[in-house]
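> Numbered per full-length UniProt numbering, the sequence shown finishes at 181, counting up by one with no gaps.
Using N, Cα and C, we set each Cβ at its ideal position, and we do this for glycine too.
Before we start, here is the structure in question, set down as structure tokens.
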Amino acid sequence: MEKDLTELHTLIDVHFEQRKKDEEELIGLKERIERRRSERAEIQRVRAEKEKDRQNRIAEERHRKEEEEAKRKADDEAKKKKVLSGMGANFGGFLAKAESRKGKRLTGREIKKRTLTERRQPLGIDNMREDGLKQRAQEMWNWIYQLESEKFDFMEHMKHQKYEVQPKKGHGKGKVGGRWK
């Protein structure tokens, strides 16, 4: 019996020693976790700070470039005005005519660019849910349907105009001097 009692005491001692080791290990693990968490938070803070600095630099660079571009355009306009005012009256008229001819050509391009930008609008479907996507698809289908119907109407109108013009071509031939030609 005494043997069992000593064996029981040794088992209890071993259990408490193991429990003490486990608790120490658990405390160490918790400290490591907390230390890693704080390190991660510090790293994220530094990254956010660097990203903010980078965004600020980009914004400053963009602003600086815009200012330089505006200044350059103003200088170019001032030089152009100075050159035009220094030239004769006739040459200024020539330049104005050349500019107006050039302007007409460019306005066609500008009109084309403007219409293309109006037609090519971004979809904006990145953050939409399924019902929003369905609604957007329906809107696009309706738009395409409208364009196709307008195209069809124009084509039919052109066909009718073509057939109206053909008989009128021969309509001008008639009595001339009492004779049919």
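1. From D22 to Q44, what does the alpha carbon distance come to, in whole angstroms?
2. Drop a sphere of 10 angstroms on the beta-carbon of R19, count the other beta-carbons inside from all chains shown, and report buried for 16 or more, exposed for fewer.
3. Is the beta carbon of I144 closer than 9 Å to that of R136?
4. DSSP three-state label for R57, please.
5. Cα separation between D153 and G132?
6. Measuring only the C-alpha atoms, how far is E61 from M155?
7. For L26 and V46, I'd like the C-alpha separation in whole angstroms.
8. Using only the alpha-carbon positions, how far apart do R35 and E42 sit?
9. Specify the secondary structure class of L5 as computed by DSSP and reduced to three states.
10. Quick one: what does DSSP say R120 is sitting in, helix, strand or coil?
On the basis of the coordinates in this document:
1. For the purposes of this step, residue 22 is taken as residue 22 along the sequence shown, with counting starting at 1. For the purposes of this step, residue 44 is taken as residue 44 along the sequence shown, with counting starting at 1. When rounded, the distance between both Cα atoms is 32 Å.
2. Your numbering for residue 19 matches position 19 in the sequence shown. Under this definition R19 is an exposed residue.
3. The residue you call residue 136 lines up with position 136 of the sequence shown. The residue you call residue 144 lines up with position 144 of the sequence shown. Against a cut-off of 9 Å, the Cβ pair of I144 and R136 comes out as no contact.
4. For this step, residue 57 is matched to residue 57 along the sequence shown. R57 falls in the helix class under three-state DSSP.
5. Counting from 1 along the sequence shown, the entry for residue 153 is found at position 153. Counting from 1 along the sequence shown, the entry for residue 132 is found at position 132. Going from the Cα of D153 to the Cα of G132 covers about 31 Å.
6. For the purposes of this step, residue 61 is taken as the residue at position 61 of the sequence shown. For the purposes of this step, residue 155 is taken as the residue at position 155 of the sequence shown. Between E61 and M155, the C-alpha separation is close to 51 Å.
7. The residue you call residue 26 lines up with position 26 of the sequence shown. The residue you call residue 46 lines up with position 46 of the sequence shown. In a straight line, the C-alpha of L26 is about 30 Å away from that of V46.
8. For this step, residue 35 is matched to residue 35 along the sequence shown. For this step, residue 42 is matched to residue 42 along the sequence shown. For R35 and E42, the distance between alpha carbons rounds to 11 Å.
9. Walking along the sequence shown from the start, residue 5 turns up at place 5. It is helical.
10. Translated into the one-based positions of the sequence shown, residue 120 becomes position 120. Correct three-state label for R120: coil.
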